[in-house]
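In the numbering used here, the protein residues as written are 490 to 815.
Here the structure is laid out as structure tokens; the discussion comes afterwards.
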Amino acid sequence: EAAPHDRRSAQPITVGTEDPASLSCKMAATAPCAATPAAAPPPAAPLSAALSGPFPGGRVVRLHPVVLASIVDSFERRNEGAARVIGTLLGTVDKHSVEVTNCFSVPHNESEDEVAVDMEFAKNMYELHKKVSPSEIILGWYATGHDITEHSVLIHEYYSREAHNPIHLTVDTSLQNSRMSIKAYVSAPMGVPGKTMGVMFTPLTVKYVYYDTERIGVDLIMKTCFSPSRVIGLSSDLQQVGSASARIQDTLTMVLQYAEDVLSGKVAADNTVGRFLMDLINQVPKISPEDFETMLNSNINDLLMVTYLANLTQSQIALNEKLLSL
Numbered sequence: 490e491a492a493p494h495d496r497r498s499a500q501p502i503t504v505g506t507e508d509p510a511s512l513s514c515k516m517a518a519t520a521p522c523a524a525t526p527a528a529a530p531p532p533a534a535p536l537s538a539a540l541s542g543p544f545p546g547g548r549v550v551r552l553h554p555v556v557l558a559s560i561v562d563s564f565e566r567r568n569e570g571a572a573r574v575i576g577t578l579l580g581t582v583d584k585h586s587v588e589v590t591n592c593f594s595v596p597h598n599e600s601e602d603e604v605a606v607d608m609e610f611a612k613n614m615y616e617l618h619k620k621v622s623p624s625e626i627i628l629g630w631y632a633t634g635h636d637i638t639e640h641s642v643l644i645h646e647y648y649s650r651e652a653h654n655p656i657h658l659t660v661d662t663s664l665q666n667s668r669m670s671i672k673a674y675v676s677a678p679m680g681v682p683g684k685t686m687g688v689m690f691t692p693l694t695v696k697y698v699y700y701d702t703e704r705i706g707v708d709l710i711m712k713t714c715f716s717p718s719r720v721i722g723l724s725s726d727l728q729q730v731g732s733a734s735a736r737i738q739d740t741l742t743m744v745l746q747y748a749e750d751v752l753s754g755k756v757a758a759d760n761t762v763g764r765f766l767m768d769l770i771n772q773v774p775k776i777s778p779e780d781f782e783t784m785l786n787s788n789i790n791d792l793l794m795v796t797y798l799a800n801l802t803q804s805q806i807a808l809n810e811k812l813l814s815l
């Protein structure tokens, strides 16, 4: 279960960093570190447009459930002996919010002294994602675990080349306190010029959002909380229509009760709610019962025809496969 992010309990996290030359060598996936001191190489060309300007949306990250599901799945499928998994966060940015809609895992190896990330794999995966969703850009990266380590600073430095002020998302898959804590941070350099520099990770507010199609999956997953076996079957189309109709009926009953309480004086009238209800009523088309029944029957006939053609096509494909195997 995802725990809501509480900004009151979150404090900035400060982690020391190393010199740029050492950092660039440790981040290389295959190239060895040079023996003699050398100037840091210029930053790689960004894979996406930079997130320009101050952090939008009042420092709020809008997170979709498919991202959390992908992170947990990659953690469950991690290599043997791997303590955590990391990956790239994808999404969109506008002047009102930062929305994380997708992600993919990135292979990496960690030891006590260094961390190696397969940057070529990350670039290729992002190029493939751009072909499917051109509007999604790199927003930052994620890691499983409940804390930020010194290795996280090295990885964060790499993602700083791909996106200005990248987001770092942590997902506590160890379920400390019986909850999966989810936190987001942005970094800021700190320290005395000419001395050892550090990085401060400032927490952001995480807000969980979803599309209508994602809501169906979330509702189905939530039902497993009340199942002793933690397993629940998929609902048929007719069952989903029945459940949606029942929810609409419950909502209408609640609205009707509110209107009756306002008319009887039990509840003070709210002009905002009244205007919203009036707009909702005006959106309902005026149609006679006969016309509505005709439209409904027409849609049902179309649905039955599509179902029949789909079953016929499936039968033809199965028959063709059997003939080819003879």
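Where is the CB? At the ideal position from N, CA and C, for every residue including glycine.
Within the same chain, and ignoring the five residues on either side of Val574 in sequence, the residues whose Cβ sits closer than 7 Å to its Cβ are Ser563, Phe564, Arg567, Ser594 and Thr633.
Bounds of the beta strand (DSSP E) holding Ser676 are Met669 to Gly680. Taking C-beta atoms under 8 Å as the contact rule, Ala677 and Thr691 qualify, at a distance of about 6 Å.
With at least 16 other beta carbons inside 10 angstroms of its own, Lys672 counts as buried. Its Cα nearest to that of Glu601, the residue Ser641 stands out among Thr581, Asn613, Ile626 and Ser641. For Thr783, the uninterrupted alpha helix (DSSP H) run begins and ends at Pro778 to Leu813, by DSSP. For the pair of segments examined, the stretch 578-588 was found to touch the stretch 549-557: the number of CB pairs separated by less than 8 Å reaches three. The Cβ-Cβ distance between Leu579 and Leu628 falls below 8 Å. Membership of His597 in the beta strand (DSSP E) is indicated by the continuous run His597 to Glu599. CA-CA distance, Val707 to Glu569, rounds to 30 Å. Taking the Cα positions, Asn800 is about 18 Å away from Leu727.
Residue pairing for Cys592: DSSP places it in a beta bridge opposite Leu578. Taking C-alpha positions only, Thr581 is separated from Ser624 by approximately 7 Å. The beta carbons of Val660 and His553 sit about 14 Å from each other, so the pair does not count as a contact at 8 Å. DSSP lists Arg551 as the beta-bridge partner residues of Lys696.
Residue burial is scored here from C-beta neighbours: Gly731 has fewer than 16 other C-beta atoms within 10 angstroms and is therefore classed as exposed. Taking the Cα positions, Glu810 is about 21 Å away from Thr796.
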